[in-house]
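Taken in order, the sequence shown gives residues 259 to 411; the numbers are from the numbering used here.
Quick reminder that beta carbons are idealized off the backbone N, C-alpha and C, glycines included.
Since the structure is predicted, the reported quantities are computational estimates derived from the model, not experimental observations.
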Amino acid sequence: MALLGYQVVISLIMASVIQKIGKHYSFAKWMICNTGLVRYLYPTDSELRQLAGVPKEINKKKKDKRHHENGHISSSQVFHVPRNLNLELENAKVGILDVIHLRFFQDYQMLLDFALYSLIVYILTEIFSYFMPLKDEINLSMVWCLLVILFST
259 MALLGYQVVI SLIMASVIQK IGKHYSFAKW MICNTGLVRY LYPTDSELRQ LAGVPKEINK
319 KKKDKRHHEN GHISSSQVFH VPRNLNLELE NAKVGILDVI HLRFFQDYQM LLDFALYSLI
379 VYILTEIFSY FMPLKDEINL SMVWCLLVIL FST
């Protein structure tokens, strides 16, 4: 009889996979970045000025430099954009640099990746338990599923 059962071996292998491969390959990153999700790029001030018909800024070099300190905005930099402006926004594919700063992205990534790993552990354990039924052991795949439920609440 083996010292470690197949459930413990599968769990240890999956823990090693999570530690080594989980940092580099993520199902959650793939779901967001490679499935055609797009974001819209906002227009620049020069594009808005051109579409709204606002004249360009005239730089006066003799102005006092202290007016440009501490976030002071001169009246020539402020302009109003009409609501009925026909504006077409460009779109770009969402990349990892766009979503990594989102508030709950790390939680989403951890939960989705761990759910995938626990699904793999569950399937492998059920395949092994079909051929070698459990005797007096606890089903460790159910512990993995319970952890997914606890992480999601």
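Selection from the options that minimises the alpha carbon distance to residue i
| i | options | result |
| --- | --- | --- |
| His338 | Val352, Asp303, Phe372 | Asp303 |
| Ile268 | Phe409, Ser410, Leu398, Glu346 | Leu398 |
| Met400 | Arg361, Tyr380, Leu347 | Tyr380 |
| Glu346 | Arg361, Leu306, His282 | Leu306 |
| Gly294 | Leu343, Val275, Ala350 | Ala350 |
| Tyr300 | Ser376, Glu348, Arg361 | Glu348 |
| Cys465 | Leu374, Asn292, Ser387 | Here the chain covers residues 259 to 411 and nothing more, so residue 465 does not appear. |
Three-state class that DSSP yields for residue i in the structure shown
| i | result |
| --- | --- |
| Glu384 | helix |
| Lys351 | strand |
| Val309 | Strictly speaking, residue 309 in this sequence is Leu, with Val absent from that position. Helix. |
Rounded straight-line distance, which links the Cα of residue j to that of residue i
| i | j | result |
| --- | --- | --- |
| Ile385 | Met368 | 26 Å |
| Ser410 | Gln364 | 13 Å |
| Leu370 | Phe285 | 7 Å |
| Val406 | Tyr366 | 12 Å |
| Met259 | Ile271 | Because the pLDDT at Met259 is just 43, under 50, the model does not fix this residue reliably, and the point stays unresolved. |
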